[in-house]
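What follows is a single structure, written as structure tokens, with notes after it.
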Amino acid sequence: MGLSPVELIISTKVEAELRGAATFPNKQAAPPRLSAHSDGTFSRRMPSQLEGAMGALITVFYNYSGNDGDKHKLNKGELKELLHSELTDFLTSQKDPMLVEKIMNDLDSNKDNEVDFNEFVVLVAALTVACNDFFQEQNKHAK
36 MGLSPVELII
46 STKVEAELRG
56 AATFPNKQAA
66 PPRLSAHSDG
76 TFSRRMPSQL
86 EGAMGALITV
96 FYNYSGNDGD
106 KHKLNKGELK
116 ELLHSELTDF
126 LTSQKDPMLV
136 EKIMNDLDSN
146 KDNEVDFNEF
156 VVLVAALTVA
166 CNDFFQEQNK
176 HAK
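According to our numbering, numbering within the sequence shown proceeds without interruption in unit steps and concludes at 178.
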């Protein structure tokens, strides 16, 4: 069983610090599933729910990025594929045929016609807030 992306980042950073070098995890790298402790020891453990969610965000982004260029960014085609595959219900409930274009323009804060991970997280956060607001409103009407 492989590491979650969060564990991969944490263990890669720990290993890099031990070697005195900085590295960035890639799709192929998979060091042992380890958690670093303050006493310098390591142990195996399952990620928390939040670590799992963070790992899922990282995994989803990098599963779609770099197929047609920069591996750390999504171009318009990659973003469209991600949205259609990962947010199917959201997209099909929208009636605007220019929705992906609008999302791309809104997210691309540096106007390089690509969406980096930070810009992607803004989309996920905004959708999460909207879902939370929707469910809170539903709960008010159910009472």
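Note that CB positions come from ideal geometry on N, CA and C, so glycine has one too.
Below-8 Å beta-carbon distance, residue i vs any chain C residue
i: Ser-73; result: As a matter of chain content, chain C is missing from the structure shown, which is built from one protein chain.
Cα-Cα separation, residue i to residue j
i: Lys-130; j: Glu-136; result: 13 Å
i: Gln-171; j: Val-164; result: 10 Å
i: Pro-66; j: His-176; result: Interpretation of Pro-66 is limited by its pLDDT of 40, a score under 50 that renders its predicted location unreliable; the figure taken from the coordinates is listed afterwards. Approximately 49 Å between the Cα atoms of the pair.
i: Asn-145; j: Phe-152; result: 12 Å
i: Glu-180; j: Ser-83; result: The requested residue 180 does not occur in the structure, where the chain is confined to residues 36 to 178.
i: Asn-174; j: Cys-166; result: 12 Å
i: His-119; j: Asp-74; result: 46 Å
i: Asp-105; j: Ile-93; result: 16 Å
i: Ser-78; j: His-72; result: 8 Å
i: Leu-162; j: Ala-88; result: 15 Å
Identity of the residue in the options nearest residue i by Cα
i: Val-95; options: Arg-80, Arg-79, Leu-122 and Asp-103; result: Leu-122
i: Asn-102; options: Leu-92, Leu-114, Ile-93 and Gly-87; result: Leu-114
i: Ser-100; options: Gly-112, Gly-90 and Met-89; result: Gly-112
Residue i - DSSP class collapsed to helix/strand/coil
i: Asp-151; result: strand
i: Cys-166; result: helix
CB contact flag (residue i, residue j, <8 Å)
i: Glu-149; j: Asn-110; result: yes
i: Val-159; j: Leu-142; result: no
Would you mind listing the beta strand (DSSP E) stretches within the region 97 to 141 that are 3+ residues and don't spill past its ends, in chain order?
none
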